[in-house]
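Residue numbers (the UniProt record's numbering): 1 to 423. To keep things clear, I will list the structure first and then write my remarks on it.
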Ligand SMILES: [Zn+2]
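This is the structure we're talking about:
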């Protein structure tokens with residue numbers, strides 16, 4: 001049966017290329033969340049033609065949702081011959097800005113040298129198209145399966161997923177008994193299985209001062225200098241400590257197996273209005289956003305306490321040091337067990353397709369799996385897809401057509417195995 005299915009997927013190669021190109025040509029750039037509805041409808045119409053029950057779910061009231069930029073998600077379901085597990089393929093339809101440095105039109109989906117170029121080819125419309133073709137091949141071949149197969153195209157992954165998988169997971173779309181196994185074809189390389197991701201905490205730290213004339217700074221209190229003192233502690237104490245902390249999670253790339261902190265932004269003092277003429281004032285506020293990525297071995301409360309501890313010590317030791325800290329976003333690390341059925345099914349298919357065992361990895365950044373774990377309480381979720389991780393968000397992003405075809409075979413085989421139909 002797998003030989004027949006593979007032959008069918010090979011025969012659908014051009015269809016897979018065409019579907020990917022159609023998806024890439026809809027510029028679903030986020031922010032602001034352009035063209036979500038036509039993209040969701042393309043996927044919805046495609047599923048309706050194949051007998052799926054299709055539903056559109058708007059992420060009402062989620063960040064960025066408006067009548068101009070509706071957060072339109074689509075989900076389709078097709079039942080098998082009887083009761084059994086449901087395998088769900090989820091792909092985000094939003095893409096990041098094209099940015100500079102392209103040698104081709106980022107939304108033209110140019111085919112060249114066995115690749116498709118364009119924003120979102122790798123991350124992750126190529127992966128979503130491969131999953132769709134995998135399911136299509138199963139249906140066309142008339143292979144009997146139990147349970148159900150689902151496909152969803154969701155929005156806003158690049159901005160946190162609140163209007164997409166986050167919203168839908170809260171409504172029960174990613175929970176048992178509806179769904180048992182989720183495969184997200186994010187670009188993690190075609191022979192690797194991504195089990196989960198590190199944790200993330202974003203916070204805004206503000207140091208406070210007192211405004212005064214810049215010619216007499218001794219009459220004020222400079223918030224930027226206070227922030228400088230905090231930065232100095234980060235540099236000398238926190239970053240070396242984080243660097244020394246290593247995880248057992250198989251995070252790729254290797255450098256992300258340590259705990260990390262990035263300074264996302266820093267703003268202090270009055271804005272330089274009037275064509276760059278600065279105001280001669282002592283800054284009374286300085287704001288900095290930190291991006292802390294942490295390991296499954298670390299406790300989220302300790303992660304925060306480590307930062308607030310430094311701020312508290314500064315408040316005790318440094319004259320006039322006052323601060324505020326505000327959480328912006330946080331997600332705990334998540335990692336699916338290697339023994340989980342979805343991991344084992346995909347691993348077997350990778351071994352069959354590539355003649356070598358699958359590599360297990362963990363993503364340095366988060367993706368929509370966090371919502372499935374947190375709101376859906378579903379553990380059986382992985383990312384597996386054909387894109388090359390390093391190409392995501394880059395100029396001249398591309399997807400290798402052979403990889404899409406191979407990943408479609410892996411996904412089709414795994415779906416059949418999980419629904420009890422594999423031969
Ligand atoms: Zn992605």
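C-beta: ideal position from N, C-alpha, C; glycine also. Just so we're clear, the structure is a prediction, and the values are computed from it rather than from any experiment.
What residues in its chain sit with their C-beta under 6 Å from that of residue 350, if we drop five residues either side in the sequence?
191, 358, 410
Have a look at 414, 22, 370 and flag the residue whose alpha-carbon is nearest the alpha-carbon of residue 347.
414
Pull up the distance between the alpha-carbon of residue 30 and that of residue 96, whole angstroms please.
5 Å
Leaving out five residues before and five after residue 81 in sequence, what residues of the same chain have Cβ atoms less than 8 Å from its Cβ?
144, 145, 146
Residue 47: first and last residue of the uninterrupted alpha helix (DSSP H) it sits in:
36-48
Alpha-carbon to alpha-carbon, residue 341 and residue 42:
31 Å
Residue closest to residue 328, alpha-carbon to alpha-carbon, out of 337, 334, 292
292
What is the DSSP secondary structure of residue 133, counted as helix, strand or coil?
helix
In this structure, how does DSSP classify residue 264 when only helix, strand and coil are distinguished?
strand
Taking residue 57 as the reference, give the member of 171, 207, 237 with the closest Cα.
171
For residue 167 and residue 59, which I take to be in contact (beta-carbon distance under 8 Å), what is that distance rounded to the nearest angstrom?
4 Å
Beta-carbon separation (whole angstroms), residue 37 vs residue 70, contact threshold 8 Å:
6 Å
Taking a contact to mean a Cβ-Cβ separation below 7 Å, would you say residue 289 touches residue 235 in this structure?
no
If you measure between the beta carbons of residue 387 and residue 214, is that distance less than 7 Å?
no
Alpha helix (DSSP H) runs wholly inside the stretch 233-258, at least 4 long, in chain order:
239-243
Identify whether residue 371 lies in helix, strand or coil by the three-state DSSP scheme.
helix
Rounded separation between residue 173 and residue 107 - CA only
31 Å
Compare the Cα-Cα distances from residue 396 to each of 52, 15, 103, 161 and report the closest residue.
103
Might you give, ordered along the chain, the residues of its own chain that have their beta carbon closer than 6 Å to the beta carbon of residue 65, omitting 5 neighbours on each side?
59, 71, 163
From 297, 27, 152, pick the residue whose C-alpha is nearest to that of residue 90; which is it?
152
Exposed or buried, what is residue 295 when buried is set at 16 or more other beta-carbons lying within 10 Å of its beta-carbon?
buried
State the Cα-Cα distance for the pair residue 179 and residue 88, rounded to the nearest angstrom.
7 Å
Residue 256 versus residue 321: straight-line alpha-carbon distance, rounded:
33 Å
At a threshold of 6 Å, does residue 123 count as lining ligand 1 (C-beta to nearest heavy atom)?
yes
Threshold first: 3 residues or longer. Then list the beta strand (DSSP E) segments lying entirely within the stretch 86-134, N to C.
86-92, 110-112, 115-117
Is residue 14 a contact residue of ligand 1, with contact defined as CB to any heavy atom under 6 Å?
no
Start-end ranges of the alpha helix (DSSP H) lying completely within the stretch 148-225, minimum 4 residues:
165-170
Would you mind stating whether residue 195 and residue 362 have Cβ atoms separated by less than 7 Å?
yes
Comparing C-alpha positions only, which one of 48, 32, 77, 355 sits nearest to residue 67?
32
Just the C-alpha distance for residue 25 and residue 112, rounded to the nearest angstrom, thanks.
16 Å
For residue 420, which residues from the same chain have a beta carbon less than 8 Å from its beta carbon, with the 5 sequence-adjacent residues on both sides left out?
84, 85, 145, 146, 147
Since residue 329 is in the beta strand (DSSP E), which residue starts that stretch and which ends it?
322-331
How many angstroms separate the CA atom of residue 48 from the CA atom of residue 54?
6 Å
Measure from the alpha carbon of residue 298 to the alpha carbon of each residue in 120, 199, 160, 14, then state which is nearest.
199
Test item: CB-CB of residue 404 and residue 130 under 7 Å:
yes
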